[in-house]
Amino acid sequence: MTDKLVLDRISHSYGDGDTQLKVLNQVNLQVQKGELVAVIGPSGSGKSTFLSIAGALLTPKEGQVIIEGESLSDYTAHQLEQLRLNQIGFIFQSANLIPYLKVEEQLLIMARLAGMDKRKAMGRAKDLLTRLGVEHRRKSYPHQLSGGERQRVAIARALMNDPAIIFADEPTASLDAARGHDVVSMLAHEVKSEGKAAVMVTHDERVLSLCDRVLRLESGILTEEASSTLHG
Amino acid sequence: MYLALREMRFAKTRYALIMTIMLLVSFLVMFVTGLAKGLAYANASSIENIPADYFVVQSDASQRFSRSEVGTSVIDEVRNVVGNSHAAVLGVQMATVTHDGASQKIDVTFFAAESDSWIMPDVVEGSGISSYASGEVLVDQKLKESGVQLGSVIHDQTSGMAWTVAGFTRNESYSHTPVIFMNEQEWQNWKQKISKSVQASGNAAYNTLAIKASSSQADQLKSKLPEMEIMSKSTAVSAIPGYKEEQGSLLMMIAFLYFISGFVLAVFFYVITIQKTSQFGILKAMGTGSGYLAASVLGQVMLLTVASLFISILIIQVASRLLPDSMPFQLSGSTIGLTGCLFVIMAMAGSVISIMKVNRVDALEAIGRVSA
Ligand SMILES: Nc1ncnc2c1ncn2[C@@H]1O[C@H](COP(=O)(O)OP(=O)(O)OP(=O)(O)O)[C@@H](O)[C@H]1O
Ligand SMILES: [Mg+2]
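Put into structure tokens, the structure is as follows:
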């Protein structure tokens, strides 16, 4: 089984009783190794909710999340923490890096928390930063970087602990078109070369051509976009 | 501590300011404590300096030396229990004196003891006093400020008796008045003059017995002498007229200082923590445990507290040397230790709310909705 992530009939709603707001309705998804999947949809359609559930930040009301063949249904809070640390990488829209850590340390703290050997961590951090073209900024603080550089550091950090799957919530929202394209192509490249899977929520139509599949979330239902409209 | 240290490195100015405030607060707390202790010592040093464990007074004297009398039978009884050399008689009498060459009246306290007794203080200038009625006394150095010198003659207002200053002692005061030491012969002579009852009996009693005794000996004395009270030295000190009232006010002040500084620290740390919630959200989303973050917050608080305490202790040491003699200041190692511990505890208590806040931060805040 090469499925890195499986969502099995996920339903979620906010609030209870009369004011219940159904956000996800029987959502199914499989993401395989080496795949970059985009999720699009109108604002308020539940994309962030969907990503939080898939990323083990939020427990769904119904259905189960399976990461690397393991169901998260019976995981304790601590096990979920460990899972997020070791198996999941997050890239958020903004407010993303820790302001008081230098670029290199943003990566090293992840390794530290996961208990990685220090020498190995240094090597991996240097390697990742080089691949993403921000190695020369490794001693800089986030506020000294451009938006694109910051998102590239965020990608490197997401990859640091060698996760099975990466989740990104509008990673290009604060970037211009060219920068956004660069960042997503780097993400796509890393996903391919490291054999990971990635799910990216985006509003940015221009980066969809870099994704293997595009899914649309609307009225709580997740549907596949016809690929012919995307490539070409 | 990885995060805590790097954060302080990044926001140097902010943390330097926080440390300065903590430093000033801990300095203030310790400074006032030192002044209170100094005042306490200036009030009661003569009793503090007597190397006794207990004092024997009459039960109905409300622990006041001046209201108590110990007769020869009691003295014999006590000496039987603790041994001759471990019980020393002490007479205490407040009086108003003048000294030759000055019309100014001075309030003093006379202490009378056997001239070879261990109650007698060290002489820092001049010579000691002998056991016979030589008309000589030892006086506290503070009297120098009123012009008293070696060889000056001190006149008692009530009896008209006069004594010559043979030597000076240091740090001997009782209820803020300088203490004048005399031997038992002088005490007898003087009491004969001022007290009718003494004239009748022909023998002046002492007010108390200072004893060196174990607590079991003290218990033994309590059962043997039901009409006497065996009080500890600290009880004797707080029974000095004015002592309790003075220390009570100061203690109140110090307690409020602690409370206020604890509160200020708590608010400080809380505000700082609030500013960091979105970072905590991100760290939690990435799999950082609440325990790790709480330890980081606590570690930071501890580091700031201990560092600022350390510096303020150094400053206190310097400041206490610069203070004039008229501002008595006393801060022992144990008081510094205790103050330091209390301060650390206050700081920790202050960071508890912050830690609770950290625990409540939701990892979800990092996704989607935040970014603001
Ligand atoms: N904690 C919550 N409590 C109640 N309702 C919520 C909560 N979080 C989200 N919602 C609601 O659920 C719906 C989906 O929210 P979500 O953030 O997942 O949308 P989204 O697709 O990410 O939108 P956007 O594109 O604007 O980021 C919205 O209507 C939102 O108001
Ligand atoms: Mg969203």
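For the record, the sequence lines run as chains W and Y.
According to the numbering used here, the residues represented by the first sequence are 1 to 232, in order.
According to the numbering used here, the residues represented by the second sequence are 1001 to 1372, in order.
In this text, a Cβ means the ideal position worked out from N, Cα and C, and glycines have one as well.
For residue i, tell me which candidate among the options has the shortest Cα-Cα distance.
i: aspartate 1325(Y); options: Met1252(Y), Ile1194(Y) and Leu1039(Y); result: Leu1039(Y)
i: threonine 1072(Y); options: Glu1125(Y), Tyr1132(Y), Ala1204(Y) and Met1120(Y); result: Ala1204(Y)
i: valine 6(W); options: Phe50(W), Glu68(W), Asn86(W) and Thr76(W); result: Glu68(W)
i: leucine 1251(Y); options: Thr1020(Y), Val1025(Y), Met1022(Y) and Val1029(Y); result: Val1029(Y)
i: glycine 1101(Y); options: Leu1005(Y), Tyr1054(Y) and Val1153(Y); result: Val1153(Y)
i: glutamate 194(W); options: Leu208(W), Asn161(W) and Asp204(W); result: Asn161(W)
i: threonine 1277(Y); options: Leu1364(Y), Ile1230(Y), Ser1308(Y) and Met1302(Y); result: Leu1364(Y)
i: proline 216(W); options: Thr19(W), Lys22(W), Pro42(W) and Ser11(W); result: The residue you asked about is not proline; residue 216(W) is arginine in the sequence shown. The option with the nearest alpha carbon to arginine 216(W) is Pro42(W).
i: threonine 1044(Y); options: Tyr1243(Y), Val1267(Y), Ala1285(Y) and Thr1288(Y); result: Note that residue 1044(Y) is alanine in the sequence shown here, rather than threonine. Nearest option by C-alpha distance: Tyr1243(Y).
i: tyrosine 1270(Y); options: Lys1357(Y), Tyr1132(Y), Pro1226(Y) and Arg1006(Y); result: Lys1357(Y)
i: asparagine 25(W); options: Glu35(W), Ile10(W), Ser185(W) and Val31(W); result: Ile10(W)
i: arginine 131(W); options: Ser185(W), Leu36(W) and His203(W); result: Ser185(W)
i: glutamine 1058(Y); options: Glu1048(Y), Glu1069(Y) and Ala1052(Y); result: Glu1069(Y)
i: leucine 1225(Y); options: Ser1354(Y), Tyr1174(Y), Asn1080(Y) and Thr1164(Y); result: Asn1080(Y)
i: glycine 1213(Y); options: Ile1106(Y), Tyr1054(Y) and Gly1091(Y); result: Going by the sequence as given, residue 1213(Y) is alanine instead of glycine. Answer by Cα proximity: Tyr1054(Y).
i: methionine 1327(Y); options: Arg1009(Y), Phe1010(Y) and Lys1037(Y); result: Lys1037(Y)
i: isoleucine 1194(Y); options: Gln1157(Y), Val1267(Y) and Asp1219(Y); result: Gln1157(Y)
i: glutamate 1246(Y); options: Leu1017(Y), Leu1035(Y) and Tyr1015(Y); result: Leu1035(Y)
i: glycine 44(W); options: Glu225(W), Thr223(W), Ser219(W) and Ala226(W); result: Ser219(W)
On the three-state DSSP scale, how would you describe residue i?
i: tryptophan 1187(Y); result: helix
i: methionine 160(W); result: helix
i: aspartate 8(W); result: strand
i: isoleucine 109(W); result: helix
i: isoleucine 66(W); result: strand
i: arginine 1321(Y); result: helix
i: valine 1178(Y); result: It should be pointed out that residue 1178(Y) corresponds to proline in this sequence rather than to valine. Here proline 1178(Y) sits in strand by DSSP.
i: threonine 223(W); result: strand
i: tyrosine 100(W); result: coil
i: alanine 1133(Y); result: coil
i: phenylalanine 92(W); result: coil
i: arginine 1064(Y); result: coil
i: isoleucine 1313(Y); result: helix
i: asparagine 1171(Y); result: coil
i: aspartate 18(W); result: helix
i: valine 1297(Y); result: helix
i: valine 1306(Y); result: helix
i: alanine 1363(Y); result: helix
i: alanine 1052(Y); result: coil
i: leucine 57(W); result: coil
i: glutamate 1007(Y); result: helix
i: aspartate 117(W); result: coil
i: serine 1195(Y); result: coil
i: serine 228(W); result: Because the pLDDT at serine 228(W) is just 48, under 50, the model does not fix this residue reliably, and the value given afterwards should be weighed accordingly. Helix, per DSSP.
i: valine 27(W); result: strand
i: glutamate 1245(Y); result: helix
For residue i, which residues of its own chain have a beta-carbon under 6 Å away from its beta-carbon, when the five flanking residues on both sides are left out?
i: alanine 154(W); result: Ile91 and Asn96
i: glycine 55(W); result: Ile88 and Phe167
i: glutamine 1093(Y); result: Phe1110
Residue i lies in the beta strand (DSSP E); which residues open and close that run?
i: histidine 181(W); result: Here histidine 181(W) belongs to no beta strand (DSSP E); instead the alpha helix (DSSP H) covers 177 to 193.
i: serine 1232(Y); result: 1228 to 1232
i: glycine 1091(Y); result: 1087 to 1099
i: isoleucine 1119(Y); result: No beta strand (DSSP E) contains isoleucine 1119(Y), which DSSP labels as neither H nor E.
i: histidine 1155(Y); result: 1153 to 1156
i: phenylalanine 167(W); result: 165 to 169
i: arginine 213(W); result: 213 to 218
Once you ignore the five residues that flank residue i on each side, which residues in its own chain have a CB closer than 8 Å to its CB?
i: valine 183(W); result: Gly148, Gln151, Arg152, Ile155, Pro171, Thr172 and Leu175
i: lysine 139(W); result: Lys102, Val103 and Glu104
i: serine 228(W); result: Reliability of the predicted coordinates at serine 228(W) is poor, the pLDDT of 48 falling under 50, and the value obtained from them is presented with this limitation in mind. No residues qualify anywhere along the chain.
i: histidine 1176(Y); result: Ala1042, Asn1043 and Gly1242
i: serine 1130(Y); result: Ser1115, Glu1136 and Asn1183
i: glutamate 1125(Y); result: Gln1141, Leu1150, Gly1167 and Phe1168
i: valine 1074(Y); result: Val1056, Leu1209, Leu1225 and Met1228
Keeping to the same chain, check which residues put their C-beta closer than 7 Å to that of residue i; ignore five residues upstream and five downstream.
i: threonine 1339(Y); result: Val1029, Met1030 and Thr1033
i: leucine 1342(Y); result: Tyr1258
i: serine 13(W); result: Gln20, Leu21, Lys22, Val23 and Lys61
i: serine 1261(Y); result: Val1025, Val1029 and Met1346
i: serine 1371(Y); result: The predicted position of serine 1371(Y) is uncertain, since its pLDDT is 41 and thus under 50; no value can be drawn from it.
i: arginine 157(W); result: Gln106, Leu107 and Met110
For the alpha helix (DSSP H) that residue i lies in, which residues bound it at each end?
i: serine 1026(Y); result: 1012 to 1048
i: isoleucine 1353(Y); result: 1333 to 1360
i: valine 1082(Y); result: 1072 to 1082
i: aspartate 1219(Y); result: 1215 to 1224
Report yes if the C-beta of residue i is less than 7 Å from at least one heavy atom of ligand 4; otherwise report no.
i: aspartate 204(W); result: Of the ligands this structure carries, namely ligand 1 and ligand 2, none is ligand 4.
* To do: Using the beta-carbon of each residue, find all residues closer than 5 Å to any heavy atom of ligand 1 and list them in chain order.
  => Tyr14(W), Val23(W), Ser43(W), Gly44(W), Ser45(W), Gly46(W), Lys47(W), Ser48(W), Thr49(W) and Gly1368(Y)
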